[in-house]
Amino acid sequence: METVGVGDLVQAAGHAGPWTVLEVRHGMALLEHADGRRLSRRTTTLTVVRKAEPGARPAPVAGDTSTGDVPTLFD
1 METVGVGDLV
11 QAAGHAGPWT
21 VLEVRHGMAL
31 LEHADGRRLS
41 RRTTTLTVVR
51 KAEPGARPAP
61 VAGDTSTGDV
71 PTLFD
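Counting in full-length UniProt numbering, the sequence shown runs from 1 upward without gaps.
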């Protein structure tokens, strides 16, 4: 099984995808679809479609002006 990481494109069982991994914490991944919907799923239920490029950062969310210091879905 391939490890899920930030920036990876994944398929979540039962959900049209792919989804971009925004955050991984405690075995859970925060995912975002291209249309802006967000979803959290256990990393063990995800299939990696494409690994992120080393050192790449996920694309910013439309309208998001945060610096990354704001609480996330997991906080």
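Quick reminder that beta carbons are idealized off the backbone N, C-alpha and C, glycines included.
Check	Outcome
Per-residue burial, Asp35 [other beta carbons within 10 Å of its own, 16 or more giving buried]	exposed
Separation of Arg41 from His15, as counted between CA atoms	11 Å
Val6 versus Val21: straight-line alpha-carbon distance, rounded	5 Å
Residue range of the beta strand (DSSP E) that includes residue 76	Given that the chain is displayed from residue 1 to residue 75, the structure contains no residue 76 and the question cannot be resolved.
Own chain, CB closer than 8 Å to Arg38, minus 5 neighbours either side, in chain order	Leu22, Leu30, Leu31, Glu32, Leu73
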